[in-house]
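J.:
Residue numbers (the UniProt record's numbering): 1 to 281.
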């Protein structure tokens with residue numbers, strides 16, 4: 001069964017506004033919600049952004065069914081021992097609804113600005129692998145294992161598409177996520193990820209039943225046209241067909257990123273697109 005997550009960057013909205021959108025997703029056929037992880041807003045550092053793990057904990061407390069995660073947590077931001085403890089705690093307090101999404105860090109300038117070093121991309125991937133080994137150790141039976149241990153496995157998602165990242169996906173991940181900017185690469189990358197399940201991040205300009213199509217498409221393309229094929233615009237029937245095509249290429253989960261994340265759009269999308277997709281599946 002295909003899973004549907006709301007990708008909800010915690011930028012430019014208050015905590016209560018973000019919580020409202022997550023709660024709307026929970027009652028509108030979405031399976032989960034995911035946040036991003038930055039210390040300043042990418043390409044807009046003056047725009048406020050909330051801390052990723054704290055917000056995830058808050059939203060977990062305000063929801064009952066929705067799974068909670070990130071696309072993706074930045075490995076350099078957290079010592080592995082601290083991350084291991086945070087993940088177990090959030091998994092337990094949420095009733096097993098937390099999924100650990102990790103990446104090696106995509107913005108070197110941000111890492112340098114806030115004192116996380118100047119490691120190369122290759123060095124950051126090496127460091128991420130060490131974190132993955134450490135997590136396994138802290139959650140296992142090693143002499144320095146932490147208690148409490150996870151009462152059930154915490155799903156691990158890795159994001160990235162380089163050869164070294166895909167090797168980590170094959171060796172460690174339950175899920176692999178392809179960013180919206182590389183949707184066209186999906187068919188060629190799926191055979192390289194081993195047994196990991198496939199998720200896709202997709203920016204959507206959703207044309208609701210009472211919306212003006214030209215207005216929605218124009219606004220979405222002005223803001224997010226640089227995503228290329230990572231942006232898709234359409235009405236419910238068109239989007240059902242589109243996501244069906246990605247599913248046929250191997251996608252098993254969609255992280256839907258709305259160009260206009262109004263609660264009304266989230267609710268209508270859940271009813272018409274997700275509901276329609278499942279009715280046809």
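Glycine is no exception: its CB is placed at the ideal position from the N, C-alpha and C atoms. Computed from a predicted model, the values in this text were never measured in an experiment.
#1: Give me, in chain order, the residues of the same chain whose beta-carbon lies closer than 7 Å to that of residue 224; leave out the 5 immediate sequence neighbours on both sides.
#2: Would residue 10 and residue 30 be called neighbours here (beta carbons separated by less than 8 Å)?
#3: How many angstroms separate the CA atom of residue 40 from the CA atom of residue 114?
#4: When you compare the stretch 193 to 201 with the stretch 214 to 228, are there three or more beta-carbon pairs, one atom per stretch, that lie closer than 8 Å?
#5: Have a look at 125, 13, 272, 111 and flag the residue whose alpha-carbon is nearest the alpha-carbon of residue 47.
#6: Select from 201, 229, 227, 235 the residue whose C-alpha is nearest the C-alpha of residue 214.
#7: For residue 105, tell me which candidate among 119, 246, 156 has the shortest Cα-Cα distance.
#8: Identify whether residue 30 lies in helix, strand or coil by the three-state DSSP scheme.
#9: My guess is that residue 55 and residue 102 are in contact by the Cβ rule of under 8 Å, so how many angstroms apart are they, rounded?
#10: Quick check on residue 271: buried or exposed, where buried means 16 or more other Cβ atoms within 10 Å of its Cβ?
#11: Identify whether residue 307 lies in helix, strand or coil by the three-state DSSP scheme.
T.: Quick answer:
#1: Walking along the chain shown from the start, residue 224 turns up at place 224. Closer than 7 Å at the Cβ level, and outside the excluded window around residue 224, lie 203, 231, 259.
#2: Taking the chain shown and counting its residues from 1, the one referred to as residue 10 is at position 10. Taking the chain shown and counting its residues from 1, the one referred to as residue 30 is at position 30. Result no, Cβ atoms of residue 10 and residue 30 do not sit closer than 8 Å.
#3: Reading the chain shown from its first residue, position 40 is the one you call residue 40. Reading the chain shown from its first residue, position 114 is the one you call residue 114. Looking at the backbone, the Cα of residue 40 and that of residue 114 are separated by about 10 Å.
#4: No, they do not touch.
#5: Counted from its first residue, the chain shown places residue 47 at position 47. From the listed residues 125, 13, 272, 111, the smallest Cα separation to residue 47 is found for 13.
#6: For the purposes of this step, residue 214 is taken as residue 214 along the chain shown, with counting starting at 1. Closest option to residue 214, Cα to Cα, is 235.
#7: Along the chain shown, read from residue 1 onward, the residue named residue 105 stands at position 105. Minimum Cα distance to residue 105 is reached at 119.
#8: Working through the chain shown from its first residue, we reach residue 30 at position 30. In the structure shown, residue 30 sits in coil (DSSP, three-state: anything other than H, G, I, E or B).
#9: Translated into positions along the chain shown, residue 55 becomes position 55. Translated into positions along the chain shown, residue 102 becomes position 102. So it is not a contact: roughly 17 Å between Cβ atoms.
#10: Here residue 271 refers to the residue found at position 271 when the chain shown is read from its first residue. Burial call: exposed.
#11: In this structure the chain extends from 1 to 281, so residue 307 is not present and cannot be described.
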